[in-house]
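Take a look at the structure below.
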Amino acid sequence: MEGWFLEVAKGIGKVFLHPLLYWFILLTILTSLTRIKQERKQFGTKVFDVFSEWHRTWSVSILSGLVLSVITIGIGFMLDPAVILLLAVITFLLTLTKRFTWLSAAYTFGFTYLLLLSVLPYIDESFDVQWLEPWKQGLFNFHFVSFAILLGLFVIIEAILLFRVTRQESFPELVKGNRGKWIGQHRVKKLAMIPFFTLVPGGAILPIADWWPVFQIDGQSYGLIVLPIVIGFEHVFRGALPTKFSRHLGQSVLLLGLLTLALAIAGMYVPILATVAVIVALVGREFISYRHRIIDQQKKPFFSPDPTGLFILGVIPGGPADILGLLPGEKINKVNGQTVHNEEQFYEALQLNSAFCKLDIIDDRGEVRFVQRAMYQGEHHELGLLFVKDQYRQEVENRKLD
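Positions in the sequence shown are counted from 1; adding 43 to them yields the working numbering.
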């Protein structure tokens with residue numbers, strides 16, 4: 044037990060030596076600042092704070108990390124430092140664009156797996172370079188099946204994150220539609236770090252049973268390391284509310300994760316199925332994204348001018364509209380008793396009573412509800428609401444001319 048406690052302490056300490064931890068923080072800051080700059084340009088104000096891409100991911104990360112730790116230690120999965128380093132390098136390369144599109148485990152784990160599968164047969168074991176020898180030996184000890192099983196588990200975690208997306212967590216944007224008019228869209232993106240314990244060669248832990256670890260090196264002792272795995276996703280929604288599409292995506296990704304996991308486990312008995320599992324994950328995740336884009340493009344833009352009311356494109360967190368419970372995708376029918384169809388009419392009606400506002404809202408079911416509150420000095424004069432600006436196109440053209 045003393046050896047176990049020692050390795051747990053050392054494993055927790057080693058996480059602070061892992062470069063992915065610091066790249067995860069830096070990547071979030073860089074993407075947040077880029078997003079905030081775009082928000083100020085399009086809406087004249089910051090909408091979401093820095094680190095909003097992390098919002099509501101830590102509970103899933105910690106719980107998933109605990110479950111993964113129990114699985115990896117209980118069964119005895121081992122990852123060599125050489126493989127861990129290669130996975131970190133590929134994750135870094137896939138995020139250089141500061142976008143989360145390629146951060147699914149299907150890509151990061153999948154590309155790592157296929158790279159090792161294609162390179163290992165060509166590594167000359169007799170190639171005598173002293174400093175390279177430990178890394179080369181670690182690559183030769185790579186266990187394809189356990190890596191494929193981890194891939195399936197992380198794809199399932201990605202699906203859980205997709206299920207948890209709410210309307211208040213997607214990022215509104217203005218884009219030019221197919222007919223040259225400005226429309227609204229929502230970008231759903233999340234970045235999460237899943238820390239979990241895994242076995243590594245060398246340490247104070249000795250095999251506790253004949254079958255443990257399930258993939259082992261004869262006469263080897265083992266240590267523990269907390270491995271911070273970075274996963275994420277990024278999707279754009281124009282044709283429907285982001286929560287609706289996110290649930291559909293989550294269902295598809297969950298089925299893909301379960302299929303990948305089943306094939307990977309079967310790979311323990313038929314090794315070729317581990318490679319099949321990785322290929323299925325890669326191709327399947329790309330097909331899911333492609334199918335979503337095609338379906339979304341075929342739909343009429345959801346956030347576009349509507350004769351029955353003024354669509355809410357976004358709500359600034361903490362503003363009066365957020366306190367009133369207004370949601371992106373709802374329509375404003377009347378303001379202080381005045382019917383509104385565009386942004387200009389909305390603000391004119393809002394000025395009819397500077398101390399109080401009453402809104403008639405059409406919700407998702409087409410039913411009307413009424414919200415009202417007093418207005419206080421110093422509050423957001425626009426209630427913290429974002430709309431598709433009719434004049435935005437002209438403003439952008441004027442900036443270019445200036």
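For every residue, glycine included, the Cβ atom is placed at its ideal position computed from N, Cα and C.
When you compare the CB positions of residue i and residue j, do they come within less than 8 Å of one another, or not?
i: L426; j: P271; result: no
i: L109; j: V198; result: no
i: L284; j: R210; result: yes
i: F354; j: K377; result: no
i: L111; j: I237; result: yes
i: G153; j: A309; result: no
i: V296; j: E201; result: yes
i: K89; j: F143; result: no
i: V379; j: C400; result: Per the sequence shown, residue 379 should be read as Asn rather than Val. Yes, they are a contact pair.
i: I72; j: V93; result: yes
i: I405; j: V414; result: no
i: W66; j: F135; result: yes
i: V132; j: F185; result: no
i: S347; j: V431; result: yes
i: L306; j: V319; result: yes
i: V113; j: R207; result: no
i: V188; j: P314; result: yes
i: V269; j: I55; result: yes
i: L193; j: G275; result: no
i: I105; j: F240; result: no
Which two residues bound the contiguous beta strand (DSSP E) that contains residue i?
i: P271; result: 265–280
i: A324; result: A324 -> not in any beta strand (DSSP E); alpha helix (DSSP H) instead, spanning 315–341.
i: I404; result: 399–405
i: V414; result: 411–417
Label residue i either buried or exposed according to how many other C-beta atoms from any shown protein chain fall within 10 Å of its C-beta, with 16 as the threshold for buried.
i: G293; result: buried
i: T140; result: exposed
i: W101; result: exposed
i: N441; result: Confidence at N441 is low in this model, with a pLDDT of 44, below 50, so its placement is unreliable and no value can be given for it.
i: L242; result: buried
i: R25; result: The structure shown does not extend to residue 25, since the chain is modelled only from 44 through 445, so no value can be given for it.
i: G21; result: Beyond the ends of the chain as shown, which are 44 and 445, falls residue 21; an answer cannot be given.
i: Q228; result: buried
i: F48; result: exposed
i: G87; result: exposed
i: L444; result: In this prediction, L444 has a pLDDT of 37, which is less than 50 and means its spatial position is unreliable; what the coordinates show is noted afterwards. Exposed: under 16 other Cβ atoms inside 10 Å.
i: R412; result: exposed
i: R78; result: buried
i: E50; result: buried
i: R328; result: buried
i: V172; result: With a pLDDT of only 47 at V172, under the threshold of 50, the placement of this residue in the model should not be trusted; the figure read from the coordinates follows. With fewer than 16 Cβ atoms within 10 Å of its Cβ, V172 is classed as exposed.
i: L428; result: buried
i: A52; result: exposed
i: S161; result: exposed
i: P350; result: exposed
i: L69; result: exposed
i: S169; result: Only weak support is given to the placement of S169: the predicted model assigns it a pLDDT of 49, under 50, and the question is left unresolved by the model.
What residues match up with residue i in a beta bridge as DSSP calls it?
i: Q381; result: V378
i: W225; result: K219
i: I68; result: Per DSSP, none; premise fails for I68.
i: V231; result: H278
i: P244; result: Y265
i: L353; result: I375
i: V358; result: L428
i: I237; result: I272
Return the residue from the list the options that minimises the CA-CA distance to residue i.
i: K337; options: V279, T88, A320; result: According to the sequence as given, residue 337 is Ile; it is not Lys. Looking at the Cα atoms, V279 is the closest of the given residues.
i: Q341; options: N221, T77, P124, T74; result: N221
i: T74; options: A191, F330, E277; result: E277
i: N396; options: R416, E387, R408; result: R416
i: G195; options: F135, F430, Y156; result: Y156
i: L370; options: G357, P363, Q381, G361; result: G357
i: T138; options: I127, L129, T151; result: T151
i: K287; options: G245, F240, H335, Q263; result: H335
i: G245; options: L428, P124, S213; result: P124
i: Q81; options: L217, L106, S189, G56; result: L217
i: F190; options: K219, E212, A149; result: A149
i: K343; options: S289, G282, T303, L402; result: G282
i: S289; options: F214, L205, G223, V321; result: L205
i: D339; options: H291, L130, I116; result: H291
i: H61; options: L128, H98, W97, L106; result: L128
i: I352; options: Q381, I322, A364; result: The sequence given here places Gly at residue 352; Ile does not occur at that position. Nearest of Q381, I322, A364 to G352, Cα basis: Q381.
i: F345; options: A392, D407, F330, V383; result: D407
i: S213; options: S95, A235, Q388; result: S95
Can you name the start and end residues of the alpha helix (DSSP H) that residue i belongs to?
i: E50; result: 45–57
i: V93; result: From DSSP, V93 is part of no alpha helix (DSSP H); its letter is neither H nor E.
i: L205; result: 187–206
i: R142; result: Neither: R142 is in no alpha helix (DSSP H) and is coded neither H nor E.
i: A149; result: 148–162
i: H61; result: From DSSP, H61 is part of no alpha helix (DSSP H); its letter is neither H nor E.
i: Q430; result: Residue 430 is actually Phe in this sequence, not Gln. Where F430 is concerned, there is no enclosing alpha helix (DSSP H), given that its DSSP letter is neither H nor E.
i: L299; result: 285–309
Taking Cβ positions only, does residue i come closer than 8 Å to chain D?
i: V188; result: Annotation note: the requested chain D is absent from the structure, which comprises a single protein chain.
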